[in-house]
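Participant: Using our numbering, the final residue of the sequence shown is 157, and nothing's skipped along the way.
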Amino acid sequence: MANDYIGWFVWVFGFGFEVISDHQKSVFKEDPQNRNKFINVGLWKLSRHPNYFGEISLWCGVTISALGIAHDWGFLMLLSPLWTFTLLCFLSGIPPTEKRADIKFKDNPDYQEYKKILRSHPVLLLLE
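1. What span of residues does the alpha helix (DSSP H) with Ala130 cover, start to end?
2. Classify Tyr34: buried if its beta carbon has 16 or more other beta carbons within 10 angstroms, exposed otherwise.
3. Ignoring anything shorter than 4 residues, give me the alpha helix (DSSP H) runs that lie fully in the segment 77–117, in order along the chain.
4. Between Lys54, Phe119, Cys89, Ile123, which has its C-alpha nearest Leu108's C-alpha?
5. Once DSSP output is grouped into helix, strand and coil, what is the label at Asn137?
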């Protein structure tokens, strides 16, 4: 029963994190003054990919909650957040996103400094 509460807390946290970061990016992109600028405000100042962090967190929450009903093959539930992590970090999420940003902002010194600082930290975790 405790893992239900923990799991759903993690899910709500992850969902909220993803929604807030997506909203912040949308608001940032709508502002004409931010044309051709990269986002480095709000959650985006703390994490290279806060939306992906939120997505992975919410699937971890579902897994934690489901562990209470898991039996012999319950460990297979770990495949869901592991697959999401692998997909976003190594296949379809971060690699093409960062490749496009590196091309778009290659001559932007602020972006290069941002990348240098963030490369010294984990891709998804908060910096502060």
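Glycine included, every Cβ here is placed at the ideal spot set by N, Cα and C.
Note that the structure is predicted; figures quoted are calculated from it, not measured.
Facilitator: By the coordinates alone:
1. Its alpha helix (DSSP H) spans residues 123–133.
2. Residue environment: Tyr34 is assigned as exposed (fewer than 16 neighbouring CB atoms within 10 Å of its CB, all protein chains considered).
3. DSSP runs (the alpha helix (DSSP H)) wholly in the segment 77–117: 79–95, 108–115.
4. Scanning Lys54, Phe119, Cys89, Ile123 for the CA closest to the CA of Leu108 turns up Cys89.
5. Note: Asn137 maps to coil in three-state DSSP.
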